[in-house]
Structures are given as C-alpha cells and as structure tokens.
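Residue 103 in the numbering used here sits at position 114 of the sequence shown, and the numbers go up by one each step.
Glycine included, C-beta positions come from ideal geometry on N, C-alpha and C.
Please read the structure below before turning to the comments.
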Amino acid sequence: MTSSKSNSSKNILTIVKPDKFIYIIDYYLCNIIHNPLISSGFILFSYGYYILTTSSLFEDSLTYDIVYSDILSNLINIIAICRFLFNLKFNNSFGEGLFFIFQTIGSFYIFLDNDYDNGDDETSIFLKVCVYCQIILPSIIILISYYINDFTIQESITLGNNNFIPFLLSYSIKLMNNQLWFNSTIQEFIYSISILSLKFYLIYQFVLHEYLMIYYDGLECFEYSLFYPTNESNSIIIKNDEILSTRKQVRFAMIKNWCVLSVSVISIIFDIYIYIV
C-alpha cells in the first residue's frame, strides 16, 4: 500500500484556503465531542482497571461471540484508520480491485448472517432495502466516477472502497455488546461510550477525507487545522517561517493517528490473550 498523493505535502505547504465545513467537522466533532485521544485513553483505562481489580480474568463470562465481535470491530477500525487517517491506498488497480471484492463479499456475509435478513414486517423490509443500497452504492460510485467523471479505473475503485467503510463502521457499532467484561456499570458505560465515540470519529474522518477528494482534488492532509478560518484574509499563504510550525502540527497529528491505531491493535491482542488464558 502507498500514500495517496506524493505531491500533496508540497501543495498543503503552498496554499491553504480556510474552510468552515472542515473547521466545524474537525474542531467541534473530531477534537471536542469525539476526541480520539480521550476515547482511546478511556478504553485503555477500562482494560487496565479491570485487570488490576479482577483476580480471575473474565472466568467464563467471555464467550467466543463476544471475542469475535470485538476483534472484528477493531479490524474494521484499523481499515478505516489506515484509509482515512494515514491515507494509505494500494498503488495499483489490481490491489484496489481485490480489496473491493473482499469488502463486497464481507458486506454480503454481514447482511446474510445478521438480523437484517429476518422478518417480513415493514421495518425489516425497510432495513433490508437500506442495507442493499449501502452495499450496491460503491459499485454505482465506481461506474459514475469512471464513465461520467473520467476518473482512472484505480481512482474509481478507490472511491468505491472508501464508501464501503462507513457501512462496515455502522455494522461494527451494531457489534457493540453492552454486557462486556466489566463488573461495574460505570465501567461498562465508560467503555461503551469510548468505543462509540471512536467509531463516530472515524466516520467524521471519512467525511473529511471524501470532502478533500471532491473539493480539493484529492489533497492529502494529516492536519485539518490548517484549513481553519482566520480573520486575516480569504486564504492563508504558508511562508518559510511558518513551515516549521506546520510540520509540528502534522507531526502531532501523526502521533495522534498512531495512538488510535495502537489502541485498536492492543484491543485485539487483549481479546485474544484473555480468551486463550
């Protein structure tokens, strides 16, 4: 896999236009309401607290279904983190094509293996239609991008792959189990809210990523605060003496991204360990 645009770092150090949409999504939703460092910290705190206060790790309360659901949920997190936080893409249409096939098969498996396909009442039928549309939408996006918008086949498949991930994230929210591994109701609440917050953070990162794809020609950005509005002018020209500050912002953003990725990996390792033990 590779980063999406090789010249994008040069572009972002040349000119950045203030954008209120990016400001609202990134500042209020991604840094205040759903700050990933806070939610990640609470997730690790919940794990550590339980280990320190429980003499026998989980005993018989941890079932295969709970472990499977949590591991799958964190794997989906990792996919979203790699695509939208690290801007990692396959560097050829073959890799993106295989990833698209994998996501398509996985999405239909999710549909057939869950409650979406049960019941014949109006609500169940409505849910079925919505899920079908979510699964089919990436294919439609690929066709429109390639035949109407004149994107390359690789760019078109990449867009399709990106639009699969929100469906997987919404499914991973469904996987959340309120009867997880904590004796304390407060611990359950903190853990569940932190997981949910992290999911919403990743969904908003998808929104920002696709916004740049549409309105900024796929500009690669690791620090959206560069787009925050200012009162000085209608655009911000990054001068030589500001480049160092900009690089520090990007460096902090990358540290934050690695922290979020590490929490998902640690969660998977933790699940496997406590289930085996």
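Environment of residue i [buried if 16+ CB atoms lie within 10 Å]
i	result
G149	buried
N167	The predicted position of N167 is uncertain, since its pLDDT is 46 and thus under 50; no value can be drawn from it.
K78	buried
V249	buried
P127	buried
Y17	exposed
F115	exposed
E231	A caution first: E231 carries a pLDDT of 47, below 50, which makes its placement in the model unreliable, though a value can still be read off. That one is exposed.
Residue i, DSSP secondary structure in three states
i	result
L77	strand
I27	helix
Y262	helix
Q208	Here residue 208 turns out to be Leu, not Gln, going by the sequence shown. Three-state result, L208: coil.
G140	Note on identity: in this sequence residue 140 is Phe, with Gly being the wrong assignment. DSSP places F140 in coil when its eight states are reduced to three.
K237	helix
T52	coil
D8	coil
N229	Its pLDDT being 42, under 50, N229 is placed unreliably by the model, and the measurement read from it follows with that caveat. N229: helix per DSSP, three-state reduction.
Y217	coil
K243	According to the sequence provided, residue 243 is Met. The question's Lys does not apply to it. Residue state, collapsed to three classes: helix.
L87	helix
L148	helix
L158	helix
L164	coil
8 angstroms Cβ cutoff met for residue i and residue j
i	j	result
I13	Y213	no
C19	Q194	yes
L215	G207	no
N269	E199	This structure cannot settle anything about residue 269, because the visible part of the chain is limited to -10 through 266.
S62	L185	no
S183	S58	no
K245	P7	no
L158	I192	yes
S145	I131	yes
Identify every run of the alpha helix (DSSP H) within the segment 170 to 204, keeping only runs that are complete inside it and at least 4 residues long; order them along the chain.
174 to 204
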